[in-house]
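*Asks:* Here's a structure for you.
There are 2 protein chains.
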Amino acid sequence: MASVHALDVASSPVTVGPGVRGPALEEHLGRHGLTLGHLPQSWEFATMGGYAATRSAGQAATGVGRFDDLVAGLTLATPSRVLALGSPPASAAGPDLLGLALGSEGALGVITELTLRVRPEPRARHYEGWSFRSWEAGLAGLQRMARHDLLPDVVRLSDPDETRADLLTASGTGASLLRGSLRLRRRAAGCLLVVGWEGLPAAVRARQRAAASVLRGAGAVRLGARVGEAWRRHRYAAPYTRDSLLDAGLLVETLETAATWTALPTVHDAVREALRTRLGRRGKQPLVMSHVSHVYPTGASLYVTVLADRDDALPIQQWLAAERAATDALLAAGGTLTHHHAVGADHRPWLEREVGALGVDVLRAVKQRLDPRGICNPGVLLPD
Amino acid sequence: MASVHALDVASSPVTVGPGVRGPALEEHLGRHGLTLGHLPQSWEFATMGGYAATRSAGQAATGVGRFDDLVAGLTLATPSRVLALGSPPASAAGPDLLGLALGSEGALGVITELTLRVRPEPRARHYEGWSFRSWEAGLAGLQRMARHDLLPDVVRLSDPDETRADLLTASGTGASLLRGSLRLRRRAAGCLLVVGWEGLPAAVRARQRAAASVLRGAGAVRLGARVGEAWRRHRYAAPYTRDSLLDAGLLVETLETAATWTALPTVHDAVREALRTRLGRRGKQPLVMSHVSHVYPTGASLYVTVLADRDDALPIQQWLAAERAATDALLAAGGTLTHHHAVGADHRPWLEREVGALGVDVLRAVKQRLDPRGICNPGVLLPD
């Protein structure tokens, strides 16, 4: 379950058991000069089968973004025999059955093997920071890069609240210099953008130059490589920081969605408004911070972190009520139910609003065919 | 059915009826500086609904390649109500139901509306020709470009037989000069590669330079822009040439597949061998020409054109027997049943070999839920 079965260096797929974790796979691939490169914040602990079952999204937003795109094939052991899915490199032979197994959350069967696309380890890496005067200007800049196929491998645009919090909590001489420099340029209330490129040195340079010209055209100011590298160093730190904040008596939660460029500002406002209304307590306003981490030609994801005064009498109900309000608000504004994390038990009540009653029925028909007695992972994905 | 319903210039999706044809859509988009860019040889006559129902593959192989990737959403009118599918820009809310409608060939319902990703019209275009000494060297060069994310928007590598035929039939002074130059460099028996880039001028230049360095490293010789432009001018001519060849008494047919880089040479040999064995007649060997037109990190497509002495007593059976032998051979060698053209009626007998008996049953269960009386497009996709 947790072993690497076959590595076809010529074609660059690798066949693995579903229990393999990120660090073990990267170590194995590294010996052949290869990498998978899927790096969500959970990567120290999450498994390949888990990524596939939940349609995980990694931190290399446009380079190695969605795990969906890395799966060339998989086997799904169902109560009605085994399904072998996927015809690499691509096929037009009927509807895509592999896409039914991705995101199936164990409800259709158990993923027993995966064939994954891997790539050469990057020979060069370049991360840097930029500053936009406003959230609107930042979104317009990202959209322009996406439309012209000039997206870096990593893109992370923080809204003004997240930018302010990042700048306040950053430590070291570099951070002080950056704060001073932003104040001088009247950018302290702006939006921080981290971008990163990985690959062959010449390609990294060419892509970085082309993107810089678009960013400058969109009014952004370059903050340099130190800001980018600081983000890269601390990329897995957030969940650990969260533990400390929880210990300090705060409510700390996250939620995420995606929307078209047109709907994204409305979704951003609606989620913030819902969370502020629900989590304000004893005269204390919650801190609601957002960033865009995955960018597409048609739109982008939105990842929201909230810090609030915790109701220690009812900490779980406090968050569930706020999350319900925020989910209703983001769906009404045109956001998708989830971009990073599957449906699970939390989002089941909303699945019908996302795919329609007939869409849920199609999933039920597939489950009925593969798992007629309903023994596979009950309680997730499909509403009761 | 054939009108453009909505164009969201900010987010760049366009909503169209399923009956819209390529030229009408491109004319409409062109007024806004946009393009869809999906250009299969059939584009003068094919419809957007048809592209989606068959999972069409266009000629801009890696830029705007598979129509699958251009569909952000669609509505499918089924005998059991309407399904609205797709959450742009991306979603992790359960399995991908949109992927069930793509390639459904009318067997699950009728596509009544599509939301398509469009992009800015390219400001620069650059096409050029290269020559490889051998088919193996050409495939290795493409694989290397794919692994390093350096693929041009158009890639077309002809095998030695197709290269020889292209050079023989090309006309004009440029063609004579090219033939002479290739003979001098001892490349007359080599493989012709056409590559093309489209987009912002600086990005086209940067990508072209990076790709050129990989191609030179793989032993290719640059033939210049005239060869590339000649291909671009004649890109829709092949079906018309076929009509003349049919009139002249030849059997002219095509088939296509895709395979991993490891399997591709074996698939190429197997298809050629099967067609030569079946279509040799009265001492005349058929001409079997192949090219790679769609390239992925894990492998590539293979498009095969065959010219043979026609049996005028049984012209259809002659081809069906040869196609059956070639399809058996390519599946046994690891190719996919089809990369460009869906299953239809022709490939139905092989669908179970491609997706397994249980895979076919899953499709049947979905059809049963959406079309319980089996009235939607009988005779395609699903075996009887």
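Residue numbers (full-length UniProt numbering), protein chains in the order written: chain U, 1 to 384; chain P, 1 to 384.
Just so it is clear, CB atoms sit at the ideal spot from N, CA and C, and this is done for glycine as well.
Is it the case that the Cβ atoms of Gly141(P) and Ala60(P) are separated by a distance below 7 Å?
*Replies:* As a first step, residue 141(P) is located in the second sequence; it is residue number 141 there, counting from the start. As a first step, residue 60(P) is located in the second sequence; it is residue number 60 there, counting from the start. Taking 7 Å as the Cβ cut-off, Gly141(P) and Ala60(P) do not qualify as a contacting pair.
*Asks:* Please classify residue 395(P): is it buried, with 16 or more other beta-carbons within 10 angstroms of its beta-carbon, or exposed?
*Replies:* Here chain P covers residues 1 to 384 and nothing more, so residue 395(P) does not appear.
*Asks:* Between Tyr127(P) and chain U, is there a C-beta pair that is closer than 7 Å?
*Replies:* Within the second sequence, residue 127(P) is the residue found at index 127, counting from 1. No - not a single Cβ of chain U is within 7 Å of the one on Tyr127(P).
*Asks:* Gly63(P) to Met289(U), Cα distance in whole Å?
*Replies:* For the purposes of this step, residue 63(P) is taken as residue 63 along the second sequence, with counting starting at 1. For the purposes of this step, residue 289(U) is taken as residue 289 along the first sequence, with counting starting at 1. If you take the alpha carbons of Gly63(P) and Met289(U), they lie about 35 Å apart.
*Asks:* Is Ala333(U) near Thr266(U), with beta carbons less than 7 Å apart?
*Replies:* Here residue 333(U) corresponds to residue number 333 of the first sequence, with the count starting at 1. Here residue 266(U) corresponds to residue number 266 of the first sequence, with the count starting at 1. Result yes, Cβ atoms of Ala333(U) and Thr266(U) sit closer than 7 Å.
*Asks:* Within a Cβ cutoff of 7 Å, which residues of the same chain sit near Val271(U), ignoring the five residues on either side of it in sequence?
*Replies:* Counting from one through the first sequence, the residue named residue 271(U) turns up at place 271. For Val271(U), where only same-chain residues beyond five positions count, the Cβ hits under 7 Å are Val304, Ala326, Ala329, Leu330.
*Asks:* Can you find a C-beta in chain U that's less than 7 Å from the C-beta of Ala202(P)?
*Replies:* Translated into positions along the second sequence, residue 202(P) becomes position 202. So yes, Ala202(P) belongs to the interface.
*Asks:* Considering only their Cβ atoms, is the gap separating Leu381(P) from residue 406(U) smaller than 7 Å?
*Replies:* In this structure chain U extends from 1 to 384, so residue 406(U) is not present and cannot be described.
*Asks:* When you compare the CB of Gly94(P) with every CB in chain U, is at least one pair closer than 7 Å?
*Replies:* For this step, residue 94(P) is matched to residue 94 along the second sequence. For Gly94(P), at least one C-beta of chain U is nearer than 7 Å to its own C-beta.
*Asks:* Which residues bound the beta strand (DSSP E) around residue 389(U)?
*Replies:* Since the first and last residues shown for chain U are 1 and 384, residue 389(U) lies out of range.
*Asks:* Could you work out which residues of chain U lie near Thr336(P), taking near to mean beta carbons separated by less than 7 Å?
*Replies:* As a first step, residue 336(P) must be located in the second sequence, where it is residue number 336. Result: Ser87, Ser91, Ala93.
*Asks:* Cα separation between Asp346(P) and Ala321(P)?
*Replies:* As a position in the second sequence, residue 346(P) is number 346, starting the count at 1. As a position in the second sequence, residue 321(P) is number 321, starting the count at 1. Near 12 Å, if we compare the C-alpha coordinates of Ala321(P) and Asp346(P).
*Asks:* Checking contacts by CB at 7 Å: is Arg179(P) closer than that to chain U?
*Replies:* Locating residue 179(P) in the second sequence gives position 179, where the first residue counts as 1. It does not: the Cβ of Arg179(P) has no partner Cβ on chain U nearer than 7 Å.
*Asks:* Could you please give the first and the last residue of the uninterrupted alpha helix (DSSP H) stretch that includes Val360(P)?
*Replies:* By one-based count along the second sequence, residue 360(P) stands at place 360. For Val360(P), the enclosing alpha helix (DSSP H) stretches over residues 351 to 370.
*Asks:* Quick check on Ile111(U): does DSSP put it in helix, strand or coil?
*Replies:* Residue 111(U) sits at position 111 when you count from the first residue of the first sequence. Three-state result, Ile111(U): strand.
*Asks:* Kindly indicate which residue of Tyr296(P), Val227(P), Thr169(P), Leu215(P) has the alpha-carbon position closest to the one of Ala238(P).
*Replies:* Locating residue 238(P) in the second sequence gives position 238, where the first residue counts as 1. With distances taken between Cα atoms, Ala238(P) lies closest to Thr169(P).
*Asks:* Return helix, strand or coil for Trp319(U), following the three-state DSSP convention.
*Replies:* The residue you call residue 319(U) lines up with position 319 of the first sequence. It is helical.
*Asks:* If you follow the alpha helix (DSSP H) that Val214(P) is part of, which residue opens it and which one closes it?
*Replies:* The sequence position of residue 214(P) within the second sequence is 214, counting from 1. Its alpha helix (DSSP H) spans residues 201 to 217.
*Asks:* DSSP three-state call for Pro120(P): helix, strand or coil?
*Replies:* Working through the second sequence from its first residue, we reach residue 120(P) at position 120. In this structure, Pro120(P) counts as strand in the three-state DSSP scheme.
*Asks:* Give a yes or no on contact between the segment 154 to 166 of chain U and the segment 185 to 200 of chain U, applying the rule of three or more CB pairs nearer than 8 Å.
*Replies:* yes
*Asks:* Within the continuous alpha helix (DSSP H) that includes Leu25(P), where are the two ends?
*Replies:* Here residue 25(P) is taken as the residue at index 25 of the second sequence, counted from 1. It spans 22 to 30 - the alpha helix (DSSP H) in which Leu25(P) sits, taken as one unbroken run.
*Asks:* Would you mind giving the Cβ-Cβ distance between Gly335(U) and Ala259(U), rounded to the nearest angstrom? I have them listed as a contact below 8 Å.
*Replies:* Counted from its first residue, the first sequence places residue 335(U) at position 335. Counted from its first residue, the first sequence places residue 259(U) at position 259. Right, the Cβ-Cβ distance comes to about 5 Å (below 8 Å), so this counts as a contact.
*Asks:* When you compare each of Ser42(U), Pro23(U), Tyr127(U), Leu25(U) to His341(U) by their alpha carbons, which one comes out closest?
*Replies:* What you label residue 341(U) is simply residue 341 of the first sequence in a count that begins at 1. Looking at the Cα atoms, Ser42(U) is the closest of the given residues.
*Asks:* Is the segment 111 to 128 of chain P touching the segment 219 to 238 of chain P, taking contact as three or more C-beta pairs under 8 Å?
*Replies:* With a cut-off of 8 Å, the segment 219 to 238 of chain P and the segment 111 to 128 of chain P count as touching, because enough Cβ pairs lie within range.
*Asks:* Which of the residues in the segment 109 to 124 of chain P, read from start to end, lie with their CB under 8 Å from any CB of chain U?
*Replies:* Listed by position, the residues of the segment 109 to 124 of chain P near chain U (Cβ gap below 8 Å) are Arg117, Arg119, Pro120.
*Asks:* Based on DSSP bridge pairs, tell me the residues matched to Cys191(U).
*Replies:* The count along the first sequence starts at 1 and reaches residue 191(U) at position 191. The partner list for Cys191(U) (beta bridge, DSSP) reads Phe132(U).
*Asks:* Counting Cβ pairs, one atom from each stretch, are 3 or more of them under 8 Å apart for the segment 196 to 205 of chain P and the segment 114 to 125 of chain P?
*Replies:* yes
*Asks:* State the Cα-Cα distance for the pair Leu114(U) and Ala175(P), rounded to the nearest angstrom.
*Replies:* Residue 114(U) sits at position 114 when you count from the first residue of the first sequence. Residue 175(P) sits at position 175 when you count from the first residue of the second sequence. So the two alpha carbons sit approximately 48 Å from each other.
*Asks:* Cα-Cα, which of Ala92(P), Pro40(P), Ser91(P), Arg324(P) is closest to Ala274(P)?
*Replies:* For the purposes of this step, residue 274(P) is taken as the residue at position 274 of the second sequence. When each option's Cα is compared against that of Ala274(P), the closest is Arg324(P).
*Asks:* Output the boundary residues of the alpha helix (DSSP H) element that contains Glu273(U).
*Replies:* Counted from its first residue, the first sequence places residue 273(U) at position 273. It spans 264 to 279 - the alpha helix (DSSP H) in which Glu273(U) sits, taken as one unbroken run.
*Asks:* Thinking C-beta only, is Val214(P) closer than 7 Å to Arg117(P)?
*Replies:* Here residue 117(P) is taken as the residue at index 117 of the second sequence, counted from 1. Here residue 214(P) is taken as the residue at index 214 of the second sequence, counted from 1. Against a cut-off of 7 Å, the Cβ pair of Val214(P) and Arg117(P) comes out as no contact.
*Asks:* Quick one: measure Cβ to Cβ for Ala203(U) and Leu150(P), integer angstroms, because I've assumed they're closer than 8 Å.
*Replies:* As a first step, residue 203(U) is located in the first sequence; it is residue number 203 there, counting from the start. As a first step, residue 150(P) is located in the second sequence; it is residue number 150 there, counting from the start. At roughly 6 Å, the Cβ-Cβ gap stays under 8 Å, so Ala203(U) and Leu150(P) are in contact.
*Asks:* Straight-line CA distance for Gly22(P) to Met48(P)?
*Replies:* One-based indexing of the second sequence puts residue 22(P) at position 22. One-based indexing of the second sequence puts residue 48(P) at position 48. Going by the C-alpha atoms only, they are around 7 Å apart.
*Asks:* Please list the partners that Leu246(U) has in chain P, where partner means a Cβ-to-Cβ separation under 9 Å.
*Replies:* Within the first sequence, residue 246(U) is the residue found at index 246, counting from 1. Within chain P, no residue comes near Leu246(U); the closest Cβ sits about 25 Å away, beyond 9 Å.
*Asks:* Let's test the definition: count the other Cβ atoms within 10 Å of the Cβ of Glu136(U) and tell me whether it reaches 16, buried, or not, exposed.
*Replies:* On the first sequence, residue 136(U) is found 136 positions in, with the first residue counted as 1. Classification for Glu136(U): exposed.
*Asks:* Kindly identify the DSSP beta-bridge partner or partners of Val291(U).
*Replies:* Residue mapping note: residue 291(U) aligns to position 291 of the first sequence, counting from 1. Note on identity: in this sequence residue 291(U) is His, with Val being the wrong assignment. For His291(U), which the question treats as bridged, DSSP gives the partners Ser158(U), Tyr303(U).
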